[in-house]
Each structure stands twice: as C-alpha cells, then as structure tokens.
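Before any comments, here is the structure.
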Amino acid sequence: MKKYIIGVIVLLVVGGGFYWFMKPTVAPFAEVIEKDTVIAGDYTVPKGITMVFKNNATLTVQKDLIIEGSLTCEEGLLNLAVGGATTIQGSIACDAGIAILAQGAFAMGESALLESNGDIRVTDDASQTIQTSSPLTFIQAVHAQEMRTVGAGLGGTVRIKPLVQGQSPLVMFYFSKGRELIIPNFTLEGADGAAGTDDVNKSCNARGGKGGDASRVMIVAPTISIIGVVNANLGDGGKGGAAITVGNCDPGIAAGGAGGLPGSLALQADMISMKGAGVLNVNPGKGGIGG
C-alpha cells in the first residue's frame, strides 16, 4: 500500500512541475515597466491587473501577448512590440501616446479600449510607429516572420480625450502586405480641437490664435472588410481666438483667429467591402468658427 501512495505523490509532484513549467507568463499585480524589457515567451496581463509604463519604456514580447487587464503610463509614451499574436480585451490608456508594433495577428475584442490625447498607432511597420529617441524595432525571430501574413481584427473602442492647444493627434491602424483587416462592431470617439487663444485688451494690434484641429483617423490595410456596425464620431475644429484691442487706438487692428479643421477619417485599401450586417456611420464634425 505504501508503494502506491509514494507513486501517487511522485506523479502529483511531476505533474505539478510540468504545469508550472508550461503555463504562460502572467504579469504580477501593478507591475511597473521603467526600462526596456524583453520577454522571450508568451505573456498575459490578466483581468484586474494594472501595468504602469514610465520613461518611454518599451515592453517587447517575442511570442504572443494577451491583455485582459489594464496598461497605463505615468511619464512618456506607452510602447509595445510583439513578435507573435496581440490580443486586447482590456484597456490601454496613455495621454502621451500609444505605439504598438504588432508583427503577428492583431485582435481587439468588443471590450477593448485604447484611450489617449496623443497619437495612437498600431502597425506591423516599424517606420510607422511614433518616433522617439529609441524607436521600436522588428523582432528578429522566425515566429514573427511566419505570423506576418495573418489577418487583423478591429473591435471595441478607440477614444481621444479632450485636447489642449497644440494637440491634433493621429489614430492610425496600418497593416502591410498579406493582411485582411476585419472590422466587427467598432467605435471611434474623436475629440474637438482646442479653442484658439484670445488676445483681448492687451495692445492696439490684437490677433486671436488659430483654433486647434480635431483628431484624425487613418486605417490602412490591403483588404478591409466591415462586418458589423462602425460608428466614427470625429470631432469639430476648435473655435478661433477672439481679438479686441485696448481703447483709444489710432489705428487699431484686431484679427480673430481662424477656426480649426474638423476631424477626418481615411480608409486606404486595395479592396474595401461591407459584408452581411456591415454598416459605416461617420459624423465628420464641423470646421471651427473664426474668432
């Protein structure tokens, strides 16, 4: 009888060791990425976990990345480089901007959220990512090269937060050769351009500032297939700044600022198709009123 008990214990230990060896790497709670970090295998950020990026640091995952929790930033951009498949079911939020180099399959689920008031760029072409002092680079791995011919899925929500003067962010999904981009239910929430600065009662030559441009959206792939409801609310151009001279000017010149440009949406592909229940609703916004 003792022999059987020992055998069972050995099997449990071996089996448990095999499980811990084979299971995907999971992010610990509230992990902070302060410097460039490379993970050789698969990586999962589970639901309920928040990972914070600092100092323009890049997280490079050489195989598959699954995001069910939250990624955010405190200083600098939020940079991801993935050699395998990228699956987003949670949220990625960073005011400075989000850059994702996705060399394998890319999928945003219906619960996914990308949010920023800087650029949001998702691409398989490193030249299209946000340029920093340490640009994202392609992962030199056989796995990554094999995955480049697979498709991409775009669902969930992309949201641009309210803009301040000088901000006109670009939301870009750019996929190169061999890709079909399938878009099920998807929402784009653009932002209005910021109001221009006022020049009131300061001089005899008053000039209001130009209103800011609304956010822009560009989606590029060899083939784009819309199979669900896509709602794109692109935002209005910002109002031009007011101009009022001080009193008793001779001569006095007052020129209000020009209004900003409305939001824009560009789809670029060799073939764009609406399949089944596919619907594209676009609210392009209005140009900003002059000051």
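Quick note: the sequence shown uses this note's numbering, first residue 46, plus one each step.
Quick reminder that beta carbons are idealized off the backbone N, C-alpha and C, glycines included.
Just so we're clear, the structure is a prediction, and the values are computed from it rather than from any experiment.
Bounds of the beta strand (DSSP E) holding Arg204 are Gly201 to Ile205.
Annotated three-state conformation of Gln313 is strand, per DSSP. For Val262 and Leu312, the gap between their C-alpha atoms comes out near 9 Å.
One thing to note: Ile269 has its Cβ within 8 Å of the Cβ of Ile317. In the three-state reduction of the DSSP assignment, Ser172 falls in the helix class, which pools H, G and I. Around the beta carbon of Val77, a 10 Å sphere encloses fewer than 16 other beta carbons of the protein chains shown; the residue is thus reported as exposed.
Assigned with DSSP and collapsed to three states, Asp244 falls in strand. For Ala300, the closest C-alpha among the options Ala259, Leu116 and Gly335 is that of Gly335. For Asn326, the enclosing beta strand (DSSP E) begins and ends at Val324 to Asn328.
Per DSSP, Cys139 has no beta-bridge partner at all.
Buried is the label assigned to Asn162, since at least 16 other Cβ atoms lie within 10 Å of its Cβ.
Here Leu306 carries a coil assignment [DSSP, helix/strand/coil]. A direct Cα-Cα distance of roughly 47 Å separates Gly86 from Gly256. When only Cα atoms are considered, Ala287 and Ser248 end up about 13 Å apart. For Gly254 and Ser260, the gap between their C-alpha atoms comes out near 18 Å. Contact between Ile111 and Thr89 holds, since their C-beta atoms are separated by about 4 Å, short of 8 Å.
Between the C-alpha atoms of Thr95 and Thr117 there is a straight-line separation of about 7 Å.
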